[in-house]
Amino acid sequence: MAAADQIVEPWEGLLARGRADERLVHESIVPPRAGRAVPIPRELHHEVGDALARVGIAALHTHQQQALYAAMDGPMIVTTGTASGKSLCFNLPTLQMLHVDPRARALYLYPTKALAQDQARALAALRLPRLRPAIYDGDTPQVERRAIRRNANVVLTNPDMLHVGILPNHRAWGDFLANLAVVVVDEAHVYRGVFGSHVANVLRRLRRIAVAYGTEPRFLLASATIANPLELAQRLTGLDEIELIDEDGAPASQRTIAMWNPPMLDEALGTRASALSEASDLLADLVAAGSRTICFIKSRKAVEVIMRSATARLRQMGHDDLADKLAPYRAGYTSLQRRELEQRLMSGELRGVVATDALELGIDIGELDAAICVTFPGTVASLRQMWGRAGRRGRGLAVYVAGEDALDQFFCRHPDEFLQRPVEAAILDHESEQIHAAHLVCAAHEGPLAPGDAEVLGPRWREHAERLVGAGVLIERRGTFQLRAPEDFPAARVPLRSSSTDNFTLIDGTSGEVVGTLESARAFNTAHEGAVYLHMGRAYEVEQLDLHDRRALLRPFDGDWFTQPRRETMTAIERLIERRETMGVRLSFGTVVVTELVVGYQRKSLVDHESIDFHSLDMPETAFTTQALWYELPDAVLGPEQMLDRLLGALHAAEHSQIAVLPLLAMCDRWDIGGLSTNAHPQTGRPTIFIYDGHPGGVGITRQGFNRFEQLVGDAYRLISECSCKHGCPSCVQSPKCGNLNEPLSKGGASALMRRLLSEA
């Protein structure tokens, strides 16, 4: 032990420099954890046991054994840490079923193609003669698809392909569906918000079609650690009885946690050195010191920036050989390029990789020493997934590089609380009206909707179906609901990663390439003429927003500014669902109609965020219905903030700060949330703050804020009261998405207002 204690880790010098110049704001050690092993169960089919021996598995972790037994009895979800062997938790029961019943079939669902490829490789490595896995997604050649439907007994795909390729063509899959025994939903925590609400409907449609073919497949789910795994599994599948496996029996390496805050450049403005520059230096220094390192950053453009800077730094340090062993990994590569990069990582040829969150998920990329996360990735759960990539060789370093955003700086001021903070709840609402109605139309295409469907589709399906009859989409015949136009193909109009079926097409005007789609509710805000629009990490300037043909023409952009729309927003309370008195205010939750008018946009410098100029726009109004919380402030709580200018600034700053911290309660991004503050709302007659789901229909984000309002206010108060700036900055009350361009804002007024709310709690 004494010799081991004297080991000098490759990151010691780096951390010492961070301590000296105070960029290292927190450092702690997570001790190693011993695993708990159990023998391979005797009940396991001997061919499966032999396959495990071939790949070097002589024993199971305790949670793998528990998952195997649970899956043999019914549906289950396993939620354990990164690198804990979750795949074996669903592979073992699946392989057992396939060997007991030669006709049995299994369907594996993954949120990304790369994950499906990774699992296909893992299954093939078992070399089981009775196992016939195949990938069926958009990259699968047409000539191979019929053979896969006929021969494969494990089909690996994604929810999008299930939605648009398999379910609408279920007759071609008849034999497969008639023998479908297992449905695996891996990386279940990804299915949250809008995407999760869609996937929950797709899985219900799958259950409905399976019943029509005489089967009730067993659902096996795996998830990263989240606050509500059982609730998530139930909401995704519509099943009530699901067993939870959450006691992690896998060993874990010792890990050093380091929180790194770039130095302050201007105290008054609250501006700091670039997080990207800090991260590229950290990556280069770690690789030069002999540490195999992965660096996570949100956007593709940032991936390339860090990659270039780290490579240049290594060359300046005289490490040309190491500079050639760095690689970026992001969306946009071909499947062949991705697999080549994954292989180079697994073999140890690459010493460093800069990645988007595509590698946060469970792709096997071998043993890494250090993981750097640049800025808060949106949830504590995601950060822990990324950090879990480090330390697979006994010890590891996990670094968090903060940006100037409000949450980043909040965490730097409270590192202990941040590291001990419970992971968030994954939320979704499969009955969100627009989403649910769209999938009912898809289900009607797959087979007439009938009274017996309530058990799978939910009790409110008939109410929605009758509305669709009124809209002329469905017709009712002899107690069933059918498509009015049987030749229609509705699934093609329902993208799973958007809450609206009314979308604008994004077209690169220089190449004619379709680069994506955008919900109409967001198009006027983010794709107006002159807007700098980021798509998949690439920057474009919008040349034209064609309202008639529902398309936006873009051109690649490399300028040194960004744009921020100015808009006028109004909210109308449509329906009150719940109300309670708390903290001296009347707090409500319900549905609202949000009306927005974009009146112009401001151009701002990328370097210092200073305003360059303002351009007016002539745009139509847009409106959408969504879920919201709102609270009315009585005179006793307002106190001296009632002077109009100060009141508006205090309400506005309080709204911003509460939106900034709401992602700590729900797994969402601040861009998924909108808000409005007013000194006198026409329906309440009082100063009122609204916080609403930014997606039409809503998916339950603000419901979390309503349920945990006291914690929301407490976090928001600390966010702004502890920030060192004088009048408000991007680290506390300024918002990058404010429709009023962050005017007016009163940091002091908001702090005093929320202090009075907390005194009433």
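Residue numbers for the sequence shown follow the numbering used here, so the first one is 228 and each next one is one higher.
Backbone N, C-alpha and C define an ideal beta-carbon position, used for all residues, glycine too.
Quick caveat, the model's predicted, so the values are computed rather than measured.
Closest by C-alpha distance to residue i, when choosing among the options
| i | options | result |
| --- | --- | --- |
| Met797 | Asn752, Thr753, Glu848 | Glu848 |
| Tyr363 | Tyr337, Ala351, Ala349 | Tyr337 |
| Val812 | Arg913, Asp473, His390, Leu860 | Leu860 |
| Val417 | Ile484, Leu342, Arg930 | Leu342 |
| His390 | Cys952, Leu745, Ala692, Ala718 | Ala718 |
| Glu837 | Val821, Gln791, Leu844 | Gln791 |
| Ala597 | Gly605, Val581, Arg689 | Val581 |
| Leu463 | Gln564, Ser480, Gly941, Gly420 | Gly420 |
| Arg222 | Leu946, Ala247, Asp508, Glu882 | With the chain represented from 228 up to 988, any question about residue 222 goes unanswered, as that position is not in the structure. |
| Asn396 | Phe637, Gly674, Ala652, Gln570 | Gly674 |
| Phe403 | Asp387, Ala511, Ala361 | Ala361 |
| Leu968 | Arg935, Ile918, Leu980, Asp840 | Asp840 |
| Glu693 | Gln709, Val683, Glu682 | Gln709 |
| Gly245 | Ala506, Leu315, Arg705 | Ala506 |
| Arg913 | Gly876, Asp862, Gln931, Ala608 | Asp862 |
| Lys313 | Gln292, Ala460, Phe751, Ala515 | Gln292 |
| Asp548 | Arg566, Ala511, Met573 | Ala511 |
| His908 | Met894, Phe716, Leu892, Trp857 | Trp857 |
| Leu466 | Thr583, Glu443, Arg482 | Glu443 |
| Pro258 | Asn385, Ala479, Met324, Leu315 | Ala479 |
| Trp238 | Asp584, Ala515, Ser973 | Ala515 |
| Leu322 | Thr339, Gly283, His272 | His272 |
Element boundaries [beta strand (DSSP E), containing residue i]
| i | result |
| --- | --- |
| Tyr627 | 622-628 |
| Glu823 | 812-832 |
| Phe491 | Per the sequence shown, the amino acid found at residue 491 is Met instead of Phe. From DSSP, the beta strand (DSSP E) with Met491 extends over 491-493. |
| Asp735 | 730-735 |
| Ser450 | 445-450 |
| Val391 | Val391 -> no beta strand (DSSP E), and no H or E assigned at all. |
| Thr849 | 849-859 |
| Glu746 | 741-746 |
| Ala399 | That residue, Ala399, is in no beta strand (DSSP E); it is neither H nor E in DSSP. |
| Val410 | 407-412 |
| Arg982 | No beta strand (DSSP E) contains Arg982, which is instead part of the alpha helix (DSSP H) from 974-987. |
First and last residue of the uninterrupted alpha helix (DSSP H) at residue i
| i | result |
| --- | --- |
| Glu239 | 239-247 |
| His1023 | Nothing can be reported for residue 1023, as the shown portion of the chain is limited to 228 through 988. |
| Asn428 | 420-439 |
| Asn378 | 369-378 |
| Val864 | 862-865 |
| Ser843 | Looking at the DSSP string, Ser843 is not in any alpha helix (DSSP H); the run it does join, the beta strand (DSSP E), is 838-843. |
| Pro456 | 456-464 |
| Met613 | 607-614 |
| Met596 | Contrary to the premise, residue 596 reads as Asp rather than Met in this sequence. Element bounds for Asp596: n/a, residue is neither H nor E. |
| Asp548 | 547-550 |
Proximity below 8 Å, CB of residue i to CB of residue j
| i | j | result |
| --- | --- | --- |
| Ile267 | Leu287 | yes |
| Ala779 | Ala748 | no |
| Leu334 | Leu319 | no |
| Thr822 | Ala855 | no |
| Glu644 | Ser951 | no |
| Val305 | Ile472 | yes |
| Glu651 | Ala454 | yes |
| Leu655 | Gly423 | yes |
| Leu595 | Ala617 | yes |
| Arg782 | Thr853 | no |
| Trp487 | Arg807 | no |
| Val741 | Val700 | no |
| Gly706 | Ala677 | yes |
| Val721 | His666 | yes |
| Gly876 | Pro971 | yes |
| Ala554 | Leu563 | no |
| Leu350 | Ser518 | no |
| Arg983 | Val826 | no |
> Which ranges does the alpha helix (DSSP H) cover as unbroken runs of at least 4 residues, wholly within the stretch 291-343, from first to last along the chain?
Replying inline: 313-327
> Counting Cβ pairs closer than 8 Å, one from the stretch 378-385 and one from the stretch 875-889, do we hit at least three?
Replying inline: no
> Which ranges would you report for the alpha helix (DSSP H) in the stretch 631-705 if only whole runs of at least 4 residues count?
Replying inline: 633-640, 642-647, 660-673, 681-684, 688-697
>> Three Cβ pairs or more, each shorter than 8 Å: is that satisfied between the stretch 429-448 and the stretch 352-370?
In response: no
> Fully enclosed by the stretch 889-961, which alpha helix (DSSP H) runs are 4 residues long or longer?
Replying inline: 928-934, 936-948
> Between the stretch 949-961 and the stretch 910-927, do three or more beta carbon pairs fall short of 8 Å?
Replying inline: no
> Contact between the stretch 940-950 and the stretch 897-910: three or more CB pairs below 8 Å?
Replying inline: no
> Would you say the stretch 597-616 touches the stretch 517-525, given that touching needs at least three Cβ pairs under 8 Å?
Replying inline: yes
> Any chance the stretch 406-413 sits against the stretch 323-334, with 3 or more Cβ pairs inside 8 Å?
Replying inline: yes
> Okay, do the stretch 626-641 and the stretch 533-547 touch, 3+ Cβ pairs below 8 Å being the bar?
Replying inline: no
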